[in-house]
Amino acid sequence: MKNKLSPFAASIAAGLEEAITHAKGEQVPGIRVTDVPDVKRIRTKLGLSQKQ
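With our numbering applied, the sequence shown covers 390 to 441.
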């Protein structure tokens, strides 16, 4: 017979499942991944320095 998880343990288990899904590269609802732009490359391309 399978033991029922407490709400706290169920929440942790669900979070671990989401983490595994995300690590596999699959879509997970509610997760937002932001790419950080290469600012140095953009400044160089536009001919700007940090002072500008």
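Where a beta carbon is used, it is the ideal one built from N, C-alpha and C, also for glycine.
Under the assumption that residue i contacts residue j (Cβ atoms under 8 Å), give the Cβ distance between them as a whole number of angstroms.
i	j	result
V417	T410	5 Å
S438	R432	7 Å
Suppose the cutoff is 6 Å on Cβ atoms and the five residues either side in sequence are ignored; what does the same chain contact list for residue i look like?
i	result
K434	none
Keeping to the same chain, check which residues put their C-beta closer than 7 Å to that of residue i; ignore five residues upstream and five downstream.
i	result
E407	V417
Between which residues of its own chain and residue i is the CB-CB distance below 8 Å, once the five residues before and five after are set aside?
i	result
I420	E407 and H411
Which residue spans inside the stretch 407-434 form an unbroken beta strand (DSSP E) run of at least 3?
none
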